[in-house]
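Trainee:
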Amino acid sequence: MHSIIIIMKQKFLDILNNKKIFKLVLGLGNRHFEEIEDLVTIYAIAGADMFDINPSKEAVEAVMRGVKKSGRNSEDFYYSISMGLSGDTHVQKCVIDKDKCKNCGRCVKKCPQNAIVPAKNCYKVITQNCIGCQKCDGCKAISFTENQYEVEKIVKIAKKYNLDCIEIHLSTKKIPDKEIKYVIENFDGALSLCLDRKFYSNERVKKLINKVIKWKGDTNFIIQADGVPMSGGDNTFCSTLQSVAMAQLVQSYGTYIFMSGGTNEKTAELAGMCSLRYNGISIGSYARKIVKDRNLADAVAQAQRLIEICKK
Ligand code: SF4
Ligand code: SF4
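Residue 55 in the numbering used here sits at position 57 of the sequence shown, and the numbers go up by one each step.
1) What are the boundary residues of the alpha helix (DSSP H) that Y50 is part of?
2) Ligand 2 heavy atoms versus the CB of C102: any closer than 7 Å?
3) Look at the alpha carbon of K17 and the alpha carbon of D291, and state the distance between them as a whole number of angstroms.
4) Following a CB-centred definition, is C137 positioned closer than 7 Å to any heavy atom of ligand 1?
5) At what residues does the beta strand (DSSP E) containing Y76 begin and finish?
6) Just to check, is the beta-carbon of I94 closer than 7 Å to a non-hydrogen atom of ligand 1?
7) In terms of alpha-carbon separation, which member of N28, A269, Y251 lies closest to N127?
8) Run through DSSP, which three-state label would A243 get?
9) According to DSSP, is T143 part of a helix, a strand, or is it coil?
10) With a cut-off of 8 Å, do at least 3 Cβ pairs link the segment 103 to 113 to the segment 166 to 176?
11) Mind listing, in chain order, the continuous alpha helix (DSSP H) runs of no fewer than 4 residues lying wholly within the segment 86 to 132?
12) Are the Cβ atoms of S78 and C163 separated by less than 8 Å?
13) In three-state terms, what does DSSP make of E263?
14) Under the rule that 16 or more other beta-carbon atoms within 10 Å means buried, what is D97, buried or exposed?
15) Any heavy atom of ligand 1 within a distance shorter than 7 Å of the CB on C192?
16) Between which two residues does the beta strand (DSSP E) harbouring M257 extend?
17) Quick check: the Cα distance between D224 and D296, rounded to an integer number of angstroms?
18) Can you tell me which residues fall inside 6 Å of ligand 2, judged by beta-carbon distance to its nearest heavy atom, and keep chain order?
19) Three Cβ pairs or more, each shorter than 8 Å: is that satisfied between the segment 48 to 62 and the segment 110 to 125?
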């Protein structure tokens, strides 16, 4: 229906058709701009192909600063901006009630982002560092607030910075028809739909993909097969199993496929064992973890190793 309007940017189509790509997920909720800049510098030097960014101009500009610091050109990479919907943990931020906090420090040890820090007789959250993973949940002092993202604003940012892709996270009970159609009708870059295994049965996947094929008139869109979002960190087959299972479920529909959610050094190997057709691997938590607290040369070496394994 909208195939004339939606012409996926040629260079991005070419790369998807010709090689497997490595996408660094910086975190939909991650607004820690210094961390974003550093991660992009490391992974740009190491040879990543694509960056997935929080939907804000500050985050996009941090990515561009990181690329510049790496000495590479911004045209050498592809950029995706991510959108979360109400109810999705990606759009949530942790809050600690100082009157209920017993100062025990348990939540600090669970936080992968160093987002919880000591305050006066309690702990507090550095909101910009919090990615909403909810690993700290389970204490009466902790609750979560939600950041609302409007699709119109996200499309505006993507157009302003000439980004290649808009990714909509669909970790919700209701399929957001309005938002998906809006991106199809108003953005001439690529559309990616991130499907969380927890929310998508075989039947629901079929219903969603067939709907989108009808709206677009083609299969030129990406399904990001999200195993267990924000669970990465472990380098095991178990961690990445659901992402591979999700990719296996969608591979017959003819769309492009990326794997994410628990992805690590085992993802490509497991996908190979399953003879899976896919176009890229997106890694967030594990990619961030292996470069943490290292000097630049060490961090780049770690990142290079991960990228090579993923692109085999
Ligand atoms: S928020 Fe809860 S877990 Fe964290 S330090 Fe306070 S009492 Fe302990
Ligand atoms: S554990 Fe996750 S949700 Fe909790 S503060 Fe840290 S990043 Fe935020």
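From the three backbone atoms N, C-alpha and C, an ideal C-beta is built for every residue, glycine too.
Predicted model, so just to flag it, every value in this text is computed and none were measured.
Mentor: According to the structure shown:
1) Note on residue identity: the sequence assigns Asp, not Tyr, to residue 50. Unbroken run through D50 is the beta strand (DSSP E), 48 to 51; no alpha helix (DSSP H).
2) no
3) 31 Å
4) yes
5) 76 to 81
6) yes
7) N28
8) helix
9) strand
10) no
11) 104 to 108
12) yes
13) coil
14) exposed
15) no
16) 254 to 258
17) 29 Å
18) C92, K108, C109, Q111, A113, I114, V123, C128, I129, G130, C131, Q132, K133, C134
19) no
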